[in-house]
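Report on the following structure.
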Amino acid sequence: MAQDVLRTQGWGAWPVCSQRYGLSGRAHTVQPGDTLFAIATRFRVKGGWQALYEANRDVIGPSPDHLTVGMLLTLPA
Numbered sequence: 008m009a010q011d012v013l014r015t016q017g018w019g020a021w022p023v024c025s026q027r028y029g030l031s032g033r034a035h036t037v038q039p040g041d042t043l044f045a046i047a048t049r050f051r052v053k054g055g056w057q058a059l060y061e062a063n064r065d066v067i068g069p070s071p072d073h074l075t076v077g078m079l080l081t082l083p084a
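As numbered in our numbering, the sequence shown has no gaps in its residue numbers, which increase by one up to the final residue, 84.
Below, the structure is given as structure tokens:
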């Protein structure tokens, strides 16, 4: 349930915690079968999968094809 709230409302749904830990924006937890293209399309990420990758390069690593189930990706505004 919390992941659905985070995905739709972003960290602002928990203002005290998000401010305390410097969190902002929306996020998505990688599910089995997810690809950057599919995630970017589903959430209408401006700039497509490339923008999603750039926003999460530190989490994903040097290859955009290496998503791991459970990774928490930031969805660019």
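Each residue gets a CB set at the ideal place from its N, CA and C atoms; glycine is no exception. These figures come from a predicted structure and were not determined experimentally.
Residue i and residue j closer than 8 angstroms at C-beta
{"i": "LEU59", "j": "ILE46", "result": "yes"}
{"i": "GLY77", "j": "VAL52", "result": "no"}
{"i": "ALA62", "j": "THR81", "result": "yes"}
{"i": "HIS73", "j": "PHE50", "result": "no"}
Alpha-carbon to alpha-carbon, residue j and residue i
{"i": "SER25", "j": "THR15", "result": "15 angstroms"}
{"i": "THR42", "j": "PRO83", "result": "16 angstroms"}
{"i": "PRO22", "j": "ARG33", "result": "13 angstroms"}
{"i": "ILE67", "j": "TRP56", "result": "13 angstroms"}
{"i": "GLY40", "j": "ASP65", "result": "21 angstroms"}
{"i": "GLY54", "j": "PHE44", "result": "11 angstroms"}
{"i": "ARG27", "j": "VAL12", "result": "19 angstroms"}
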